[in-house]
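A.B. asks:
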Amino acid sequence: MRKTLFALLLVALPAGAEEAPALSGITMVRVGGAGAVLDVEAFAAAPASRIALLPQVAATPRNPAPATSAIEVRALRNDDHAAFLLEWEDDTPDVRATLDGFGDMVALQFPVAAGAPPVPFMGNPGGRVQILQWRADWQTDMERGATTMRELYPNSYAADFHHADHLPAAEAAAYEGAVSLGNPMSVQERKSAVQDLVAEGFGSLTPRATQAASGRGTNDGRRWRVVVTRPLAPAGESAADLAPGTSTNVSFAVWNGSKGEVGARKAWAAWVPIEVPK
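Here the sequence shown is numbered in numbering that gives the first Met the number 0, starting from 0 and rising by one per residue.
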């Protein structure tokens, strides 16, 4: 069923669209220590794999000419965590999400179950995937605070009334919309720049109950270097098992915010084999 669905999606690609190439594996190295890995220098012994990225044209809104053509990947594991260093060219770092602007993002995807992987387009019914998405705007929220009204509306009048200053907390919550409802996109104090998600195909993306991943990115004006790390053992339900000795697959996606890339408008990579060293 998975192979049939993947084949049908490829057949549906417009003329001239690239098909997913056969990709060689990523070599993950073992290092000493334990805990989350966020230091780029930790990847000194990890070889780089250059992964071609493709246009997303299987679902609307399509992205036939993505801004990013390739991503460079390094991988390691220590005693209890796996980590990935992801690098790609981008000379316009987008670190805030505004009303009509998007932040830069990168994501890794793993099959949740062992065996043949589901289709790489966010999985399929019965073929669940775990997705770890690092967001530049979330990192900025953590480093500088959440986006202010002045940033969203630079020409607005700065009134001095704020409901939280004049109403009891229970009453003020009614005026906070998505924040009061617990919408994960509206969290005011973030603990991680990486959102841990699960999906079984287009339109099914859902935050996992257990958020165990973290990440950090830097941009030198030419390219992004982002480290994403997570525990080797599954944390909570619907998490991929990266136990030492495991053979699995990983795929990637990149968004360039200033090029209008968000949601389905992205560059993506097919599954790449990877083995977690013992």
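No residue lacks a Cβ here, since even glycine has one placed at the ideal position from N, Cα and C. All values reported here derive from a predicted model rather than from experimental measurement.
So, with DSSP's three-state summary, where would you put A135?
C.D. replies: Working through the sequence shown from its first residue, we reach residue 135 at position 136. Looking at A135 - three-state DSSP - the assignment turns out to be helix.
A.B. asks: Using a Cβ-Cβ cutoff of less than 8 Å, which residues in the same chain neighbour T59 once the five nearest sequence positions on both sides are dropped?
C.D. replies: Numbered from its first residue, the sequence shown carries residue 59 at position 60. So the qualifying residues of the chain are A263.
A.B. asks: Looking only at DSSP bridge pairs, what is W87 linked to?
C.D. replies: Reading the sequence shown from its first residue, position 88 is the one you call residue 87. W87 pairs with W223.
A.B. asks: Return the residue from the list P110, W87, L98 that minimises the CA-CA distance to T245.
C.D. replies: Counting from 1 along the sequence shown, the entry for residue 245 is found at position 246. Comparing Cα-Cα distances from T245 to each of P110, W87, L98, the minimum goes to P110.
A.B. asks: Are the beta-carbon atoms of M121 and G31 separated by less than 8 Å?
C.D. replies: Reading the sequence shown from its first residue, position 122 is the one you call residue 121. Reading the sequence shown from its first residue, position 32 is the one you call residue 31. The answer is no: Cβ separation not under 8 Å.
A.B. asks: My output table needs one value for L53: the three-state DSSP class, helix, strand or coil.
C.D. replies: Start at 1 with the first residue of the sequence shown, and residue 53 comes out as number 54. Strand.
A.B. asks: Tell me the rounded alpha-carbon separation between A45 and V275.
C.D. replies: The residue you call residue 45 lines up with position 46 of the sequence shown. The residue you call residue 275 lines up with position 276 of the sequence shown. One C-alpha to the other measures close to 13 Å.
A.B. asks: Can you tell me whether DSSP reads F201 as helix, strand or coil?
C.D. replies: Position 202 of the sequence shown, counting from 1, holds the residue named residue 201. DSSP places F201 in coil when its eight states are reduced to three.
A.B. asks: Tell me where the beta strand (DSSP E) around A69 begins and ends.
C.D. replies: Indexing the sequence shown from 1 puts residue 69 at position 70. Unbroken beta strand (DSSP E) run through A69: 69-76.
A.B. asks: According to DSSP, simplified to helix, strand and coil, what is M121?
C.D. replies: Looking up residue 121 in the sequence shown gives position 122. If DSSP states are grouped into helix, strand and coil, M121 belongs with coil.
A.B. asks: Please report the distance separating the alpha-carbon of L196 from that of N255.
C.D. replies: The sequence position of residue 196 within the sequence shown is 197, counting from 1. The sequence position of residue 255 within the sequence shown is 256, counting from 1. For L196 and N255, the distance between alpha carbons rounds to 20 Å.
A.B. asks: Is it buried or exposed for S155, if we count other Cβ within 10 angstroms and need 16 for buried?
C.D. replies: Sequence index remark: in the sequence shown, residue 155 carries index 156 (1-based). Under this definition S155 is an exposed residue.
A.B. asks: Anyone know if the C-beta pair for V226 and T67 falls short of 8 Å?
C.D. replies: Here residue 226 is taken as the residue at index 227 of the sequence shown, counted from 1. Here residue 67 is taken as the residue at index 68 of the sequence shown, counted from 1. It is not a contact, given that the beta carbons lie outside the stated cut-off.
A.B. asks: Check whether the stretch 200-218 and the stretch 61-79 touch, using three or more Cβ-Cβ pairs below 8 Å as the test.
C.D. replies: They do not touch, by the three-pair rule.
A.B. asks: Report the option in A212, N182, G144, A234 whose CA atom is closest to the CA atom of W335.
C.D. replies: Coverage of the chain is limited to positions 0 through 277, which leaves residue 335 absent and any answer about it impossible.
A.B. asks: Give me the Cα-Cα distance between A173 and L166, rounded to the nearest whole angstrom.
C.D. replies: Stepping through the sequence shown from its first residue, residue 173 is reached at position 174. Stepping through the sequence shown from its first residue, residue 166 is reached at position 167. For A173 and L166, the distance between alpha carbons rounds to 10 Å.
A.B. asks: What are the boundary residues of the beta strand (DSSP E) that R189 is part of?
C.D. replies: Position 190 of the sequence shown, counted from the start, is the residue given in the question as residue 189. Run containing R189: none; DSSP gives neither H nor E here.
A.B. asks: Helix, strand or coil: which one does DSSP assign to V105?
C.D. replies: Indexing the sequence shown from 1 puts residue 105 at position 106. Reduced to three states, the DSSP call for V105 is strand.
A.B. asks: Using 8 Å as the threshold, is the C-beta distance between A35 and T205 below it?
C.D. replies: Indexing the sequence shown from 1 puts residue 35 at position 36. Indexing the sequence shown from 1 puts residue 205 at position 206. No, the pair does not count as a contact, with Cβ atoms beyond the cut-off.
A.B. asks: Assuming A252 is part of the alpha helix (DSSP H), what are its boundary residues?
C.D. replies: In the sequence shown, the residue the question calls residue 252 occupies position 253. Careful: A252 lies outside any alpha helix (DSSP H), inside the beta strand (DSSP E) at 246-254.
A.B. asks: Rank E88, P233, L37 by C-alpha distance to the C-alpha of V193 and give the top, closest one.
C.D. replies: Sequence index remark: in the sequence shown, residue 193 carries index 194 (1-based). Of E88, P233, L37, the residue nearest in Cα terms is L37.
A.B. asks: Assuming A268 contacts I50 under a Cβ cut-off of 8 Å, what Cβ separation, rounded to an integer in Å, is found between them?
C.D. replies: In the sequence shown, residue 268 corresponds to position 269, counting from 1. In the sequence shown, residue 50 corresponds to position 51, counting from 1. Right, the Cβ-Cβ distance comes to about 5 Å (below 8 Å), so this counts as a contact.
A.B. asks: If you count every other CB in all the chains shown that lies within 10 Å of the CB of P117, and 16 or more means buried, which is it?
C.D. replies: Counted from its first residue, the sequence shown places residue 117 at position 118. By the neighbour-count rule (16 or more Cβ atoms within 10 Å), P117 is buried.
A.B. asks: So, at 6 Å on beta carbons, what are the nonlocal neighbours of P233 in its own chain, with the 5 sequence-adjacent residues on each side left out?
C.D. replies: Working through the sequence shown from its first residue, we reach residue 233 at position 234. Excluding positions up to five away in sequence, the list reads D240.
A.B. asks: Look at the alpha carbon of T146 and the alpha carbon of A115, and state the distance between them as a whole number of angstroms.
C.D. replies: Within the sequence shown, numbered from 1, the residue matching residue 146 stands at position 147. Within the sequence shown, numbered from 1, the residue matching residue 115 stands at position 116. Approximately 42 Å between the Cα atoms of the pair.
A.B. asks: Specify the secondary structure class of A168 as computed by DSSP and reduced to three states.
C.D. replies: Residue mapping note: residue 168 aligns to position 169 of the sequence shown, counting from 1. If DSSP states are grouped into helix, strand and coil, A168 belongs with the helices.
A.B. asks: Just to confirm my understanding: we take F101, look at its own chain, exclude 5 residues before and 5 after, and list those with CB closer than 6 Å. What are they?
C.D. replies: Position 102 of the sequence shown, counted from the start, is the residue given in the question as residue 101. Closer than 6 Å at Cβ, skipping near neighbours: G256, V261.
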